[in-house]
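**Student:** Numbering (this note's numbering), first residue to last: 1 to 131.
All C-beta atoms, glycine included, are put in the ideal place defined by N, C-alpha and C.
Quick one: the structure is below, and I'll ask about it shortly.
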């Protein structure tokens with residue numbers, strides 16, 4: 001019976017799994033935010049403070065979703081954009097959330113941070129792959 005080889009850092013199967021996981025997490029994190037943004041644009045609750053927060057939140061979410069889209073083609077740039085936008089979104093959620101700050105951070109910023117980090121790990125693993 002042949003012993004299975006341990007997977008190296010540059011193993012193409014591992015890289016493919018990391019890339020697929022990052023894509024699933026990124027798209028799954030971006031889709032509800034985009035849906036909520038579209039539905040929220042038609043709402044009637046538009047106070048001045050809510051408009052400023054909504055604009056900032058929409059900007060961070062669009063940048064993070066755009067980073068995921070870029071990462072589907074170029075993991076390096078897309079991973080950096082997604083990671084940066086995820087950190088910004090997490091900080092924004094922590095500052096603006098009321099009582100459930102950790103929940104807001106976990107729901108809003110952390111999925112983009114994880115996806116961006118996985119895209120960057122995948123990029124590094126791809127570069128380290130033997131020819």
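1) Can you list, in chain order, the residues of its chain with a C-beta nearer than 6 Å to that of residue 19? Leave out the 5 residues immediately preceding and following it.
2) Going by the beta-carbon positions, is the gap between residue 71 and residue 37 smaller than 8 Å?
3) Which residues mark the beginning and the end of the alpha helix (DSSP H) in which residue 90 is found?
4) For residue 39, is the classification buried or exposed, using 16 other Cβ atoms within 10 angstroms of its Cβ as the cut-off for buried?
5) Identify, in the order they occur along the chain, each residue of the same chain with its Cβ nearer than 7 Å to the Cβ of residue 113, setting aside the five sequence neighbours on each side.
6) What residue does the alpha helix (DSSP H) around residue 106 start on, and which one ends it?
7) Rounded to whole angstroms, what is the Cα-Cα separation between residue 76 and residue 110?
8) Classify residue 118 as buried or exposed, calling it buried when 16 or more other Cβ atoms lie within 10 Å of its own Cβ.
9) Determine the DSSP secondary structure at residue 72, reduced to helix, strand or coil.
10) If I measure Cβ to Cβ from residue 21 and keep anything under 7 Å in the same chain, skipping five residues before and after, which residues do I get?
11) With a Cβ-Cβ cutoff of 8 Å, do residue 64 and residue 30 count as a contact?
12) Check whether the Cβ atoms of residue 81 and residue 98 sit closer than 8 Å, and answer yes or no.
**Tutor:** The relevant details are as follows:
1) To locate residue 19, count along the chain shown from 1; it is residue 19. Residues of the same chain with a CB within less than 6 Å of the CB of residue 19, apart from the 5 flanking positions on each side, are 122 in chain order.
2) The residue given as residue 71 occupies position 71 in the chain shown. The residue given as residue 37 occupies position 37 in the chain shown. Result no, Cβ atoms of residue 71 and residue 37 do not sit closer than 8 Å.
3) The residue you call residue 90 lines up with position 90 of the chain shown. That run of the alpha helix (DSSP H) goes 75-96.
4) If you number the chain shown from 1, residue 39 lands on position 39. By the 10 Å Cβ count, residue 39 comes out exposed.
5) Within the chain shown, the letter at position 113 stands for residue 113. Sequence-distant partners of residue 113 (beyond 5 residues in either direction) whose C-beta falls short of 7 Å from its own C-beta, in its chain, are 83, 86, 87, 90.
6) Indexing the chain shown from 1 puts residue 106 at position 106. DSSP places residue 106 in the uninterrupted alpha helix (DSSP H) bounded by 101-108.
7) Taking the first residue of the chain shown as position 1, residue 76 is located at position 76. Taking the first residue of the chain shown as position 1, residue 110 is located at position 110. Approximately 19 Å, taken between the alpha carbons.
8) Residue 118 sits at position 118 when you count from the first residue of the chain shown. Label assigned to residue 118: buried.
9) Start at 1 with the first residue of the chain shown, and residue 72 comes out as number 72. Looking at residue 72 - three-state DSSP - the assignment turns out to be coil, as it is neither helix nor strand.
10) Within the chain shown, numbered from 1, the residue matching residue 21 stands at position 21. Within the same chain, 118 come within 7 Å of residue 21 by CB-CB distance, once the 5 residues on both sides are set aside.
11) Stepping through the chain shown from its first residue, residue 64 is reached at position 64. Stepping through the chain shown from its first residue, residue 30 is reached at position 30. For residue 64 and residue 30, yes; Cβs fall inside 8 Å.
12) Locating residue 81 in the chain shown gives position 81, counting from the first residue. Locating residue 98 in the chain shown gives position 98, counting from the first residue. For residue 81 and residue 98, no; Cβs fall outside 8 Å.
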